[in-house]
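Numbering (the working numbering), first residue to last: -9 to 385. For each residue, glycine too, the CB sits at the ideal point set by N, CA and C. Working notes for the structure below.
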């Protein structure tokens, strides 16, 4: 259930509806800041995993009539999750086999800042068919697409093997549009800050400046965003394909894998109908879950993830959290979590041991309890399936 914060004396124009039981002061101030902008309509929705981030808090959902706000989404446009169930059972892989799989995945998939070398990988023709809005962006696409397609990235991006209650293996992928999305996001953020507002609705200046979609600048952003979402989806598909190849080569565990049961974005803008009118719904670190649709809410790298069914809650613009949500910044996690404590928390999960010192940033203790997060959004989603991690590759 949600609660409402509305403090006009702090500049709020619209209320903030909050599904998180615990919310830091800095996160609340970010939510109130976006709720003070001239283009926001109805209210701002804060998901159960909301936490402070650059510019706009992760877990923020808001709507406008004609304005897109490039910096509201962050740089990883189209970042999201894919999940596919395998025909193999988890008991077909012992710990030694899982260690071999993770080692081979680490060799086959570029992670962190790494990309494909040389000429890179083949790119599906549709990804190159539509022009981007500037020649500079098209040059960036020409330079990066073959090198970035099928790369994981860093931070909390991951590829995991999970076990469902019936003992079947799943592959989960969390990644997005990589350097291509970042270039598109940066270009249009600069444009929003440089172009004079076309209407009072888009009159915000500075870091949260908007672009009117009835102008060429705003329309160009939507076209480029559509391409970034397509690239992000293709990137996850390439990662899944590579993972299935590795599983087949090292353990014969990939047989029977079908199409992904879930493939969802959580950094994007979509034109949707809410409260009786067409709106542009911005989601940063939040997932669209219309009634009856499936989504995936991951926990930390050492805790369960959940397949959920959306309930289409209007007050949340049909949204839910995109994960468990951080309770420590990366800096705090490095200062407070020691490698032995991290190793104990991951004793049931295989991971690259040589990366242990860096992985403390992603330790289970740095994240909220996923069950608590799901409890907080019980009116937004219904739990369908619990997945337990058995092995994880992180960037």
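| Asked | Found |
| --- | --- |
| Beta carbon of residue 62 nearer than 8 Å to that of residue 312 | no |
| Three CB pairs or more closer than 8 Å across the stretch 68 to 82 and the stretch 341 to 350 | no |
| Where residue 275 falls, given that 16 or more other Cβ within 10 Å makes a residue buried | buried |
| Residue from 8, 39, -3 and 22 with nearest C-alpha to residue 318 | 39 |
| Same chain, Cβ closer than 7 Å to residue 261, neighbours up to 5 away in sequence not counted | 268 and 270 |
| Same chain, Cβ closer than 8 Å to residue 183, neighbours up to 5 away in sequence not counted | 195, 196, 197 and 199 |
| Close-in-space but distant-in-sequence residues of the same chain around residue 222 (CB under 6 Å, 5 per side omitted) | 68, 166 and 167 |
| According to DSSP, residues forming a beta bridge with residue 35 | 7 and 51 |
| The alpha helix (DSSP H) enclosing residue 91, as first and last residue numbers | 85 to 98 |
| Residue 225 in three-state terms, based on DSSP | helix |
| Three or more C-beta pairs below 8 Å linking the stretch 47 to 55 and the stretch 72 to 87 | no |
| Which listed residue (148, 162 and 147) has its alpha carbon closest to that of residue 154 | 162 |
| Chain-order list of residues whose beta-carbon lies under 6 Å from that of residue 214 (same chain, five-residue window excluded) | 122, 123 and 174 |
| Distance cut-off 7 Å: residue 271 Cβ against heavy atoms of the ligand FMN | Among the ligands in the structure shown, none appear at all, so the ligand FMN cannot be discussed. |
| Cβ separation of residue 259 and residue 371, assumed to be a contact under 8 Å, to the nearest whole Å | About 21 Å separates the two Cβ atoms, so there is no contact after all. |
| Length at least 3, wholly inside the stretch 233 to 269: the beta strand (DSSP E) runs in chain order | 252 to 255 and 257 to 264 |
| Nearest-angstrom Cα separation, counted from residue 4 out to residue 252 | 33 Å |
| Beta-carbon proximity of residue 33 to residue 14, cut-off 8 Å | no |
| Cβ pair residue 151, residue 380 closer than 8 Å | yes |
| First and last residue of the uninterrupted beta strand (DSSP E) at residue 373 | 371 to 384 |
| Nearest to residue 289 (by Cα), restricted to the options 47, 357 and -5 | 357 |
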